[in-house]
Amino acid sequence: MKKLVYTFLLLATVGIISTSCREKKTAGEKVEDGVEEVGDGIEDAADDVSDEVEDAVD
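Positions 9 to 66 (our numbering) are the ones given, in order, by the sequence shown.
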């Protein structure tokens with residue numbers, strides 16, 4: 009569970025930093041991009057947790 013939270017925070021931070029440095033965007037665009045990246049990060053972390061649970065069951 010800690011891994012999921014840390015992954016979420018890391019991706020949120022990286023997403024916010026990377027989008028603000030590249031190009032000029034409106035606040036709405038930045039929020040939309042950040043939410044999308046965080047969602048992708050959560051999905052990836054959930055897949056990792058699922059894989060670990062499956063490995064533990066086997």
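All C-beta atoms in this analysis are idealised placements derived from N, C-alpha and C, irrespective of residue type, glycine included. All figures in this text were calculated on a predicted structure; none of them were measured in a lab.
{"Query": "Cβ shell of V57 (< 7 Å), same chain only, five flanking positions each side left out", "Result": "L12"}
{"Query": "Exposed unless 16 or more other CB atoms sit within 10 angstroms - verdict on G49", "Result": "buried"}
{"Query": "Inter-residue CB distance, A53 and T15 (contact presumed, cutoff 8 Å)", "Result": "4 Å"}
{"Query": "Host alpha helix (DSSP H) of E31 (start-end)", "Result": "No alpha helix (DSSP H) contains E31, which DSSP labels as neither H nor E."}
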